[in-house]
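Undergrad:
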Amino acid sequence: MGEAAEEIPSIVLSGEVLELDRESEEWKVVAKKVREACETWGCFVVEYDKIPIELQEELFETTKDMFDLPEETKLKYKKATPKDGGYVVSNPFIPLYESFGVYGEDEVRAFEKLMWPRGKPGFCEVQISITAKMLELNLLLLRMIFESIGVGDFYDSKAMDDNIVGRLRAHKYKLPKENQDPIGLKPHVDKTILTILCQNSVQGLEILTKQGNWIPINIPRGALVVIVGDALEVGYCLLQFCGNYSVNVVRIITVVFGLLICRWFYYGNYMPSAERGGDEVGVEGEDAQRGVAIEAWTNGRLHPPKHRVVMSGDKERYSCGFFAIPKDGVTIEAPPELVDNDYPLRYRPFVYSEYLAKHIANVSFDALKIYAGV
1 MGEAAEEIPS
11 IVLSGEVLEL
21 DRESEEWKVV
31 AKKVREACET
41 WGCFVVEYDK
51 IPIELQEELF
61 ETTKDMFDLP
71 EETKLKYKKA
81 TPKDGGYVVS
91 NPFIPLYESF
101 GVYGEDEVRA
111 FEKLMWPRGK
121 PGFCEVQISI
131 TAKMLELNLL
141 LLRMIFESIG
151 VGDFYDSKAM
161 DDNIVGRLRA
171 HKYKLPKENQ
181 DPIGLKPHVD
191 KTILTILCQN
201 SVQGLEILTK
211 QGNWIPINIP
221 RGALVVIVGD
231 ALEVGYCLLQ
241 FCGNYSVNVV
251 RIITVVFGLL
261 ICRWFYYGNY
271 MPSAERGGDE
281 VGVEGEDAQR
291 GVAIEAWTNG
301 RLHPPKHRVV
311 MSGDKERYSC
321 GFFAIPKDGV
331 TIEAPPELVD
341 NDYPLRYRPF
351 VYSEYLAKHI
361 ANVSFDALKI
371 YAGV
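In the UniProt record's numbering, the protein residues as written are 1 to 374.
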């Protein structure tokens, strides 16, 4: 299988580390480990004191209760496009997978009333608490990355603490039937700034190394996994996953091009659909918008790994993913310090939400390059 799974970095962010002065050598050592893990592997396991095992267990108790609801009840939370969250139902392309995205405190409370009219004690508190703690961890890791790269002032100048929001999505992976494909989620690259995952006791997450080997990530009980996001497929997936995509059928070239791309996605096991906003592959609509930020902010220095979920054993797998995205109106630009002969500037500064609005109408692999490329 290539490298052993235990070679994937594991970083401890204990109370002592969190209390370190950011100018101290100890802080810089930890920040360097985070940055090197993101550059080399694109992911790492992290033990984070502020998200204890007890809170995670409460989260997965309520998560299981969500998925155990009758199908007709779950379908009440189906959204027009997954970018708004909602319920993603299993289908022939992802038969083992289903998910819920409930975004924001108000939406969490509305979701509780919709799913459990008589109330669900503890549900809102757990969802809101872990979302806040994961956002805090996400911002901490971003600060470490930027400071270790040498542009800590850039983090503060862009007020990233105030310009990034997070969304929590719960996932369920069913056991495959006899002779059924065990792939729970097909190979993909997250379109996020950073993704933070927690899971129940069932393993199954794998990453593709730079050497081309699929290796499992063994996540210890109570630990989390951090995955670097990117915009690898933003040129086309964004159109497919956002739901507002339309094609002028009069333009034959556009139609033929679209068919060719669809065949590429078919043989690449992506299988997106404009009508379903990407439900088929279990990718929420706004996933294809997010990696633009980390790609431009670090000028291509971090490695976004392909990863998948492979089911085995005799238990269902539950996981929750926290996805960080820039707020509307945020300007994305690389710090001048990250531009040199080895890393020439890739993109001009651009407003994230304005790029998105124009990109939806542009059928092109190079939409970001066309919009903001140098």
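Ideal Cβ positions, reconstructed from N, Cα and C, are used throughout, including at glycine.
Assuming Val102 and Glu58 are in contact, meaning their beta carbons sit under 8 Å apart, how far apart are those beta carbons, in whole angstroms?
TA: 16 Å between Cβ atoms; not a contact.
Undergrad: Out of Leu18, Arg346, Lys28, Leu345, state which residue places its alpha-carbon closest to the alpha-carbon of Gly150.
TA: Nearest of Leu18, Arg346, Lys28, Leu345 to Gly150, Cα basis: Lys28.
Undergrad: In angstroms, rounded to a whole number, what distance separates the CA positions of Met66 and Phe60?
TA: Whole-angstrom Cα-Cα distance: 10 Å.
Undergrad: Could you please give the first and the last residue of the uninterrupted alpha helix (DSSP H) stretch that includes Val17?
TA: Start and end: 15-18.
Undergrad: Once the 5 residues before and after residue 375 are set aside, which same chain residues still bring their CB inside 7 Å of it?
TA: There is no way to answer for residue 375, as the model of the chain reaches only from 1 to 374.
Undergrad: Measuring CA to CA, which of Lys32, Lys120, Met160, Ile51 is closest to Thr62?
TA: The shortest Cα separation from Thr62 among Lys32, Lys120, Met160, Ile51 belongs to Lys120.
Undergrad: Going by DSSP, what residues sit across from Phe60 in a beta bridge?
TA: Paired residues: none, contrary to the question.
Undergrad: With contact counted as at least three CB pairs below 8 Å, one residue from each stretch, are the region 175-186 and the region 153-166 in contact?
TA: Short answer: they don't touch.
Undergrad: Count Cβ pairs between the region 313-333 and the region 131-141 that sit closer than 8 Å; are there 3 or more?
TA: Touching, yes, given that three or more Cβ pairs across the two stretches are closer than 8 Å.
Undergrad: Counting C-beta neighbours from all protein chains within 10 Å, is the total for Tyr343 16 or more, i.e. buried, or is it exposed?
TA: It counts as exposed.
Undergrad: If you run the structure through DSSP and keep just helix, strand and coil, what is Phe146?
TA: Residue state, collapsed to three classes: helix.
Undergrad: Between Ala110, Tyr87, Gly42, which has its C-alpha nearest Pro305's C-alpha?
TA: Minimum Cα distance to Pro305 is reached at Gly42.
Undergrad: Classify Lys221 as buried or exposed, calling it buried when 16 or more other Cβ atoms lie within 10 Å of its own Cβ.
TA: Checking the displayed sequence, the identity of residue 221 turns out to be Arg instead of Lys. With fewer than 16 other Cβ atoms within 10 Å, it is exposed.
Undergrad: Under the three-state reduction of DSSP, which class applies to Tyr347: helix, strand or coil?
TA: Of the three classes helix, strand and coil, the one that applies to Tyr347 here is strand, per DSSP.
Undergrad: Between Val17 and Val30, which are expected to be in contact by the criterion C-beta below 8 Å, what is the C-beta distance as a whole number of angstroms?
TA: Confirmed, about 6 Å.
Undergrad: Quick one: grab the DSSP three-state call for Asn138.
TA: Here Asn138 sits in helix by DSSP.
Undergrad: Identify every residue that forms a DSSP beta bridge with Tyr77.
TA: Bridge partners of Tyr77: none, in fact.
Undergrad: Is Arg317 helix, strand or coil by DSSP?
TA: Note: Arg317 maps to strand in three-state DSSP.
Undergrad: Go through its chain and collect everything with a Cβ distance to Tyr318's Cβ below 8 Å, but skip five positions before and after it.
TA: Closer than 8 Å at Cβ, skipping near neighbours: Phe60, Thr63, Lys64, Phe67, Ala170, His171, Lys172, Tyr173, Gln199, Asn200, Val202.
Undergrad: Given a cut-off of 8 Å on the beta-carbon distance, is the pair Pro326 and Ile164 in contact?
TA: Yes. Within cutoff.
Undergrad: Quick check on Phe93: does DSSP put it in helix, strand or coil?
TA: Reduced to three states, the DSSP call for Phe93 is coil.
Undergrad: By Cβ distance, which residues of its chain are closer than 6 Å to Glu47, with the 5 residues on each side in sequence left out?
TA: Excluding sequence neighbours, Glu47 sits near Val12, Ala223.
Undergrad: Is DSSP giving Ser157 helix, strand or coil here?
TA: Reduced to three states, the DSSP call for Ser157 is helix.
Undergrad: Of all the options Lys50, Val89, Leu302, Leu168, which has the alpha carbon lying nearest to the alpha carbon of Val108?
TA: When each option's Cα is compared against that of Val108, the closest is Leu168.
Undergrad: Would you kindly check if the distance between the Cβ of Tyr347 and the Cβ of Gly373 is under 8 Å?
TA: Yes; because the gap between Cβ atoms is below 8 Å, this pair is in contact.
Undergrad: Hey, could you find the ends of the alpha helix (DSSP H) Ala170 is sitting in?
TA: Element bounds for Ala170: not the alpha helix (DSSP H) but the beta strand (DSSP E), 164-173.
Undergrad: Could you please give the first and the last residue of the uninterrupted alpha helix (DSSP H) stretch that includes Arg109?
TA: Looking at the DSSP string, the run of the alpha helix (DSSP H) that includes Arg109 is 105-115.
Undergrad: With DSSP as the reference, identify every bridge partner of Gly101, one or two as the case may be.
TA: Note: Gly101 sits in a beta bridge opposite Gly86, Arg169.
Undergrad: Could you tell me the boundaries of the beta strand (DSSP E) in which Arg35 lies?
TA: Where Arg35 is concerned, there is no enclosing beta strand (DSSP E), although the alpha helix (DSSP H) it sits in stretches over 25-40.
Undergrad: Pro70 and Lys33: beta carbons closer than 8 Å?
TA: Cβ distance not < 8 Å, so Pro70 and Lys33 don't count as in contact.
Undergrad: What does the Cβ neighbour count give for Lys315, buried or exposed, with the cut at 16 atoms within 10 Å?
TA: Counting Cβ neighbours within 10 Å, Lys315 comes out exposed, since fewer than 16 surround it.
Undergrad: For the putative contact between Pro176 and Met311, defined by C-beta atoms under 8 Å, what is the C-beta separation to the nearest angstrom?
TA: 6 Å between Cβ atoms; contact.
Undergrad: Sorted by chain position, which residues of the same chain lie with C-beta nearer than 7 Å to Gly15's C-beta, five sequence neighbours on each side aside?
TA: The residues are Asp49.
Undergrad: Return the chain-ordered list of same chain residues with a C-beta closer than 8 Å to the C-beta of Pro187, the five sequence neighbours on each side being excluded.
TA: Hits under 8 Å: Leu208, Asn269, Lys306, His307, Arg308.
Undergrad: Taking DSSP's pairing of strands, which residues face Ala324 in a bridge?
TA: DSSP lists Gly166 as partners of Ala324.
Undergrad: When you compare only the Cα positions, how much space is there between Met144 and Tyr87?
TA: Roughly 34 Å between the two C-alpha positions.
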